[in-house]
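The opening position of the sequence shown corresponds to residue 0 in numbering that gives the first Met the number 0, with each subsequent residue numbered one higher. Written below as structure tokens is the structure these notes are about.
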Amino acid sequence: MSRHRTGARSGRRKRGLFRRFGIVFPVAVFALVAIIGVAVGGKLLAPGSSAFSAVQAIEMVPGSRTMAALEAERTQLIAMTTAARTLTVVAKPKLASPAEIAAANPNSGGTGSGGIVYVTSTPPDPGSAQSIAYNMMASFGFSPTTFFGCLKDIWNRESGWRYDAENPSGAYGIPQALPGSKMSSAGADWQTNPATQIKWGLGYIKSIYGDPCKAWAFEEANGYY
């Protein structure tokens, strides 16, 4: 009988303790979490707290890795936005003139006034008929760096730069003079000497067209010059 009463009193004592401490314990835990939250908030909002980043402060709270990742993404977005605002608009690029393009690209051509095409070219091989023409052009007032490309194209098409090239029409030589005997005004060896033929041809181009590139433009449009 005494054991039963003792057991009853012990059970009532345990239930009383549960009623008292069963409420106090959750309240204590909540208070502890609140204190930690306040401490973290103080770290986040404290001015000049560059030594302790927001991500580090959040990571002090257990189970906050997701929030730390979100904060890191937010920080990255802020940095990207700031960088975008600092971009400046560069000035509109200046376009190169046809002459500048031709000078920078020796294998290409440019267009001058009146739609005349200037064909650029590298200096020819020494000792060739083309080299003779290249060196003779200045004496006729033609800059070889400007006009040789056009002259080269004309006589490539007309004769292939062969001094003995002959056409059924009677045209002869490198410049395809018609008739070939016209070139005798430049020298008696007009039939065999490339220099004599070139001298006559440059004089013809200057008197009829003004310069080799205008002659080339006419050749392109009509198939002859």
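No residue lacks a Cβ here, since even glycine has one placed at the ideal position from N, Cα and C. None of the values given here were measured: they were computed from a predicted structure.
- Item | Among Pro122, Glu72 and Tyr224, the one whose alpha carbon lies nearest that of Gly209 | In the sequence shown, residue 209 corresponds to position 210, counting from 1. Answer by Cα proximity: Tyr224.
- Mind checking whether Ser204 and Ile131 have CB atoms under 7 Å apart? Counting from 1 along the sequence shown, the entry for residue 204 is found at position 205. Counting from 1 along the sequence shown, the entry for residue 131 is found at position 132. According to the sequence as given, residue 204 is Ile; it is not Ser. No.
- Message: Just to confirm, is the Cβ distance from Pro193 to Cys149 under 7 Å?
- Response: To locate residue 193, count along the sequence shown from 1; it is residue 194. To locate residue 149, count along the sequence shown from 1; it is residue 150. Their beta carbons are not under 7 Å apart, which means Pro193 does not touch Cys149 by this criterion.
- Item | Cβ separation of Asp163 and Val118, assumed to be a contact under 8 Å, to the nearest whole Å | Taking the first residue of the sequence shown as position 1, residue 163 is located at position 164. Taking the first residue of the sequence shown as position 1, residue 118 is located at position 119. Contact flag wrong, Cβ pair sits at about 25 Å.
- Check whether the Cβ atoms of Ile173 and Trp160 sit closer than 7 Å, and answer yes or no. In the sequence shown, the residue the question calls residue 173 occupies position 174. In the sequence shown, the residue the question calls residue 160 occupies position 161. Cβ distance < 7 Å, so Ile173 and Trp160 count as in contact.
- Identify, in the order they occur along the chain, each residue of the same chain with its Cβ nearer than 7 Å to the Cβ of Met182, setting aside the five sequence neighbours on each side. On the sequence shown, position 183 is the one that residue 182 refers to. Contacts found: Gly172, Ala176, Trp189, Thr195, Gln196 and Trp199.
- Task: Would you check if the distance between the CB atom of Pro125 and the CB atom of Tyr133 is smaller than 7 Å?
- Result: Here residue 125 refers to the residue found at position 126 when the sequence shown is read from its first residue. Here residue 133 refers to the residue found at position 134 when the sequence shown is read from its first residue. Against a cut-off of 7 Å, the Cβ pair of Tyr133 and Pro125 comes out as no contact.
- Message: Using a Cβ-Cβ cutoff of less than 6 Å, which residues in the same chain neighbour Met136 once the five nearest sequence positions on both sides are dropped?
- Response: Locating residue 136 in the sequence shown gives position 137, counting from the first residue. Result list for Met136: Pro143, in chain order.
- Buried/exposed call for Gln129, threshold 16 Cβ in 10 Å: Counting from 1 along the sequence shown, the entry for residue 129 is found at position 130. Buried, because 16 or more other Cβ atoms sit within 10 Å of the Cβ of Gln129.
- Message: Restricting to Cα atoms, I'd like to know which of Trp154, Gly179, Glu70 and Gly140 is closest to Glu219.
- Response: For this step, residue 219 is matched to residue 220 along the sequence shown. Minimum Cα distance to Glu219 is reached at Trp154.
- Item | Bridge partner(s) assigned by DSSP for Ala176 | Position 177 of the sequence shown holds residue 176. Tyr171, per the DSSP bridge assignment.
- Message: Quick check: what's the CA-CA separation for Ala185 versus Thr145?
- Response: Taking the sequence shown and counting its residues from 1, one reaches residue 185 at position 186. Taking the sequence shown and counting its residues from 1, one reaches residue 145 at position 146. Taking the straight line from one Cα to the other gives about 25 Å.
- From Arg156, Ser127 and Pro122, pick the residue whose C-alpha is nearest to that of Asn221; which is it? Position 222 of the sequence shown, counted from the start, is the residue given in the question as residue 221. Among Arg156, Ser127 and Pro122, the Cα nearest to that of Asn221 belongs to Arg156.
- Using the C-alpha atoms, what's the distance from Pro178 back to Ser206? In the sequence shown, residue 206 corresponds to position 207, counting from 1. In the sequence shown, residue 178 corresponds to position 179, counting from 1. So the alpha carbons of these two residues sit roughly 17 Å apart.
- Reference Gly202, options Ile77, Ala71, Phe141 and Ser127, closest by Cα: To locate residue 202, count along the sequence shown from 1; it is residue 203. Considering only alpha carbons, the answer is Phe141.
- For Tyr208, which of helix, strand or coil comes out of DSSP? Your numbering for residue 208 matches position 209 in the sequence shown. Here Tyr208 sits in coil by DSSP.
- Taking Phe147 and Ser120 to be in contact with their CB atoms under 8 Å, please state how far apart those CB atoms are, rounded to whole angstroms. To locate residue 147, count along the sequence shown from 1; it is residue 148. To locate residue 120, count along the sequence shown from 1; it is residue 121. About 5 Å separates the two Cβ atoms, so the contact holds.
- Query: In this structure, does DSSP put Pro61 in helix, strand or coil?
  - Reply: As a first step, residue 61 must be located in the sequence shown, where it is residue number 62. Residue placement at Pro61 is poorly supported in this model, since its pLDDT is 48, which falls under 50; the coordinates still yield a value, given next. The answer is coil: DSSP assigns Pro61 none of H, G, I, E or B.
- Task: Kindly indicate the opening and closing residues of the alpha helix (DSSP H) around Glu157.
- Result: As a first step, residue 157 must be located in the sequence shown, where it is residue number 158. Its alpha helix (DSSP H) spans residues Pro143 to Glu157.
- What is the DSSP secondary structure of Tyr224, reduced to helix, strand or coil? Translated into the one-based positions of the sequence shown, residue 224 becomes position 225. Correct three-state label for Tyr224: coil.
- Thr191 versus Pro123: straight-line alpha-carbon distance, rounded: Translated into positions along the sequence shown, residue 191 becomes position 192. Translated into positions along the sequence shown, residue 123 becomes position 124. The straight-line gap from Cα to Cα measures roughly 21 Å.
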